[in-house]
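Residue numbers (the working numbering), protein chains in the order written: chain A, 13 to 127; chain B, 319 to 431.
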């Protein structure tokens, strides 16, 4: 079964500092990995994905993620955090067992950026 | 390009009632998936429809059902509502290729009292 884990419930960072939100995955085969962000009472907003190719993936709003096959990780990063980045972040993997569009999500990490 | 539209945004229902939620996907997308989000269980997959056929189903009781119309719009129905069905229900629209991202609507917040 495909799964992802987000080991931190919350990450606190000061504005202007770099941020990292961690995600590890467990899949059979090659993973299709995604990061989404959710603001209060809103749906999920797509940030970036890893399908194949370069291990460093760039996405929306200055976010990037590093795919590491040996460590089975896909950590989300940003060089300089903004207060407006404060939100709930989800890592997800496509469930390739079924071959369809089902996503399996991590438990989410709340990011708090202080001024 | 219009995004994914979910209606209504908010609903309050009484235990035992039934409810229908609607989702209009992005134009051209034939895959619509539904997820339930709760503080305790997180994001859980309900089902996926593609070209009017359910092709994947999560681990939810039969009270949860859905359908998809020829224009790809989808509805999900929950019968005999329970307090535990209170959640944010999210609809996701996807293209056919597995390497494409899903786009989510803003969700329907269902409160069962």
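Glycine residues also receive a C-beta, built at the ideal position from the N, C-alpha and C atoms.
Only a predicted model underlies this, so the values are computations on that prediction, with no experimental measurement involved.
- prompt: Would residue 342 of chain B pass as a contact of residue 410 of chain B if the rule is Cβ separation under 7 Å?
  reply: In this structure, residue 410 of chain B does not lie closer than 7 Å to residue 342 of chain B by Cβ.
- prompt: Looking at the unbroken beta strand (DSSP E) that takes in residue 102 of chain A, where does it start and where does it end?
  reply: Where residue 102 of chain A is concerned, the enclosing beta strand (DSSP E) stretches over 99 to 106.
task: On the DSSP bridge assignment, give the partners of residue 423 of chain B in chain order.
output: Beta-bridge annotation (DSSP): residue 423 of chain B is not paired with any residue.
query: How big is the Cα-Cα spacing for residue 331 of chain B and residue 401 of chain B?
result: Residue 331 of chain B and residue 401 of chain B: Cα-Cα distance of roughly 10 Å.
field: residue 73 of chain A - DSSP class collapsed to helix/strand/coil
entry: The answer is helix: DSSP assigns residue 73 of chain A an H, G or I state.
task: Please confirm if residue 373 of chain B has its CB atom under 7 Å from at least one CB of chain A.
output: Closer than 7 Å to some Cβ of chain A, the Cβ of residue 373 of chain B qualifies, so yes.
task: Within 10 angstroms of the Cβ of residue 28 of chain A, are there 16 or more other Cβ atoms? Answer buried if so, exposed if not.
output: Flag for residue 28 of chain A reads exposed.
Spatial neighbours of residue 106 of chain A in its chain, beta-carbon cut-off 7 Å, leaving aside the 5 residues before and after: Closer than 7 Å at the Cβ level, and outside the excluded window around residue 106 of chain A, lie 44, 115.
message: Using a Cβ distance threshold of 8 Å, determine whether the segment 370 to 382 of chain B contacts the segment 83 to 92 of chain A, with at least three qualifying pairs required.
response: Note that the segment 370 to 382 of chain B does not touch the segment 83 to 92 of chain A; fewer than 3 beta-carbon pairs, one per stretch, sit closer than 8 Å.
query: Looking at the C-beta of residue 55 of chain A, does it have a partner C-beta in chain B at a distance below 7 Å?
result: Interface flag for residue 55 of chain A against chain B is set, since a Cβ pair is found closer than 7 Å.
Proximity test, Cβ basis, 7 Å: residue 61 of chain A and chain B: At a cut-off of 7 Å between beta-carbon atoms, residue 61 of chain A makes contact with chain B.
- request: Take residue 125 of chain A and list the residues in its own chain whose beta-carbon comes closer than 6 Å to its own, dropping the five residues that flank it on each side.
  value: Contacts found: 25, 27, 93, 95, 97, 98.
message: Quick check: what's the CA-CA separation for residue 14 of chain A versus residue 41 of chain A?
response: Between residue 14 of chain A and residue 41 of chain A, the C-alpha separation is close to 10 Å.
message: If distances are taken between C-alpha atoms only, which option among B:422, B:396, B:339, B:431 comes closest to residue 54 of chain A?
response: Ranked by Cα distance from residue 54 of chain A, the options B:422, B:396, B:339, B:431 are led by B:422.
task: Look at the Cβ atom of residue 17 of chain A, then the Cβ atom of residue 36 of chain A, and state whether they are nearer than 7 Å.
output: Cβ atoms of residue 17 of chain A and residue 36 of chain A: closer than 7 Å.
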